[in-house]
Amino acid sequence: MNTSSNTPAHSLPNHEPSELQPETLAISAGRPDDQISMAPVMFASTTYEMGSLEEGRKMAHSTKAGKFYGRHGNPTVQAFESAVAELEGAEAARAYASGMGAIAGVILGLCSKGDHIVAQKQLYGGTMQLLAGVCPRFGIDVTFVDGTKLGAFAEAVISGRTMMVFAETPANPLLDIVDLDDLGSIKGPITVVDSTLSTPLGSRPLDHGVNLVLHSATKAMAGHNDATLGVVAGESDLIDALWGFAVLQGACASPFDALNGLRGLRTLGPRLRQQGANAVAIGRALEAQPAVLSVRHPGLESHPQFELASRQYRMHGGVLSFELAGGLDAGAKFVRSVKLCHAATSMGGPETLVTHPASTTHAGMTPEELADSGITPGTVRMSCGLEHPDDLIADVMQALA
Ligand SMILES: *Cc1c(COP(=O)(O)O)cnc(C)c1O
1 MNTSSNTPAH
11 SLPNHEPSEL
21 QPETLAISAG
31 RPDDQISMAP
41 VMFASTTYEM
51 GSLEEGRKMA
61 HSTKAGKFYG
71 RHGNPTVQAF
81 ESAVAELEGA
91 EAARAYASGM
101 GAIAGVILGL
111 CSKGDHIVAQ
121 KQLYGGTMQL
131 LAGVCPRFGI
141 DVTFVDGTKL
151 GAFAEAVISG
161 RTMMVFAETP
171 ANPLLDIVDL
181 DDLGSIKGPI
191 TVVDSTLSTP
201 LGSRPLDHGV
211 NLVLHSATKA
221 MAGHNDATLG
231 VVAGESDLID
241 ALWGFAVLQG
251 ACASPFDALN
261 GLRGLRTLGP
271 RLRQQGANAV
281 AIGRALEAQP
291 AVLSVRHPGL
301 ESHPQFELAS
311 RQYRMHGGVL
321 SFELAGGLDA
331 GAKFVRSVKL
341 CHAATSMGGP
351 ETLVTHPAST
361 THAGMTPEEL
371 ADSGITPGTV
381 RMSCGLEHPD
391 DLIADVMQAL
401 A
């Protein structure tokens, strides 16, 4: 991409992507050919002088205009979009103000009254509330299925009515895995994957035949707890189809957050590897504790889908969950007792965070919905950061005691 003119946002750099490892691509992705600064350049401007009225008229209707008006597009945001498109093996990408901005943009931008959506029941709390609460209000019906069951999505598809199949893998907060080949084999409805917990370095859902992949880049991709950002990637036609609603929805990514998103992508590989290793080390230590009923991480042999997880993901992130025998009180007490770890929501940053979903991220769900997504009162979610694993294990053990 060339930031000095209104060239298409998503043109790929000249080298052959398939010859490079994803970690290497993450260093160069989204860097405009004419950019000689190593760090991205931030365009804060919301508006640009037009060469002519005719040019302005064209830009107002172009899905690629980076220098027209901030809500339509921005060169720094487009650099981030190009980087994500390249890492996902996609033709194009569109960034949003948050992960939920992207999810709402995809669902409400592509589905209309009378349409039907098949979604998995293991979902991020906000996505669940949008699908179960907001969609019916707009006349969009949603059927929830068990995303870990092979063929479950396809079975629920109503021919001629199902517009979208929505999955999340690994799913929040229990790390359930959806078989991407199974999902990608569904033809007809638009298949969508929330790949936030994987990141583009863990898996590339589009390679499995899925139509759209989206992320809360607020998490591991930006990776420093300083950007609220979302992104969707897929074929140009589909990304263009999102454009009209996105411009009206107004959940456009801020150039500053896109800048931090780009910076985060450069170090995503080593951060993810360290966070995944920390999660496995802590998980093994927890598995040896009698107060811990079960531990979930796709890198642990005890994960019920360990074989699928090993086959499908290049690496695993730092999100880990476990169930305490003492239920609600034990979960709340653990989160209060950590000293090095922080009791805070979100994940993928340098600091290790612990949450108690039943009283925070999933607090908006009814007890039935909670039980249905496998969250018990004693479930604790941990987002392992970049601290030394020995220090983290020591903190977790003193909090358990
Ligand atoms: C955090 C999260 C979201 C929402 O992203 P925001 O950036 O907070 O809007 C969506 N999906 C998953 C899996 C998440 O973890």
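Residues in the sequence shown are numbered consecutively from 1, following the working numbering. Glycine included, every Cβ here is placed at the ideal spot set by N, Cα and C. All values derive from a computational prediction rather than experimental measurement.
Rounded Cβ spacing between residue i and residue j (contact assumed at less than 8 angstroms)
i	j	result
V145	G184	Contact flag wrong, Cβ pair sits at about 16 angstroms.
P40	A79	6 angstroms
I190	L110	6 angstroms
A26	L265	5 angstroms
E168	D194	4 angstroms
L175	H303	7 angstroms
From the options, residue whose alpha carbon lies closest to that of residue i
i	options	result
A85	G188, V231, E368 and E369	V231
C384	E368, Q398 and P350	P350
M315	H297, T228 and L324	H297
Q305	G147, A394, R263 and R381	G147
K121	L131, A222, S82 and K113	L131
S62	S216, A44, V247 and N225	V247
L386	R31, A277, V380 and L206	A277
H342	Q289, D179 and N225	N225
P255	G73, G202 and P389	G73
L293	G364, K339, A222 and T376	T376
I158	G188, D179, A171 and I177	G188
A222	Y124, E287 and T267	T267
P270	G318, E235 and A119	G318
E23	P200, A309 and E54	P200
K419	P357, M164, E54 and V77	In this structure the chain extends from 1 to 401, so residue 419 is not present and cannot be described.
H215	A309, A97 and P75	A97
D33	R263, Y48, G70 and A83	A83
L400	T352, A285 and E369	A285
T352	H388, S359, G261 and D257	H388
K242	R94, T379, A394 and G283	Before going on, a small fix: residue 242 reads as Leu here, not Lys. Checked all of R94, T379, A394 and G283; the closest Cα to L242 is R94.
G202	A29, L272 and S337	L272
Reduced DSSP secondary structure (H/G/I, E/B, other) of residue i
i	result
G479	With the chain running from 1 to 401 in the structure shown, residue 479 is simply not present.
T76	helix
A399	helix
G327	helix
A65	coil
M164	strand
N14	Per-residue confidence for N14 stands at a pLDDT of 45, beneath the threshold of 50, marking its modelled position as unreliable; the derived number appears in the next sentence. Reduced to three states, the DSSP call for N14 is coil.
A95	strand
A394	helix
F153	helix
L300	coil
L201	coil
L268	helix
M100	helix
L386	coil
D372	helix
S82	helix
R71	coil
R381	strand
Per-residue burial, residue i [other beta carbons within 10 Å of its own, 16 or more giving buried]
i	result
E402	Examination of residue 402 is not possible in this model, given that the chain is present from 1 through 401 alone.
F334	buried
G160	exposed
T322	The residue asked about is misnamed: residue 322 is Phe in this sequence, not Thr. Under this definition F322 is a buried residue.
S52	exposed
T46	exposed
E19	exposed
E301	exposed
G133	exposed
L150	exposed
Q21	exposed
M38	exposed
R31	buried
R204	buried
K67	buried
T361	buried
E88	buried
L299	Looking at the sequence shown, residue 299 is not Leu but Gly. Label assigned to G299: buried.
P367	exposed
T127	buried
M100	buried
Q275	buried
K219	buried
E81	buried
query: Can you give, in chain order, each stretch of the beta strand (DSSP E) that sits fully within the segment 104-134 and has at least 3 residues?
result: 116-120
message: To test your reading of the DSSP string, which unbroken beta strand (DSSP E) runs of 3 or more residues are found completely within the segment 171-199?
response: 190-194
- prompt: Can you list, in chain order, the stretches of the alpha helix (DSSP H) that have 4 or more residues and sit fully within the segment 303-370?
  reply: 306-312 and 327-337
- prompt: Of all the alpha helix (DSSP H) runs that stay within the bounds of the segment 18-69, which reach a length of 4 or more residues?
  reply: 22-28 and 53-60
In chain order, each beta strand (DSSP E) run of at least 3 residues that lies wholly inside the segment 228-261: 230-234
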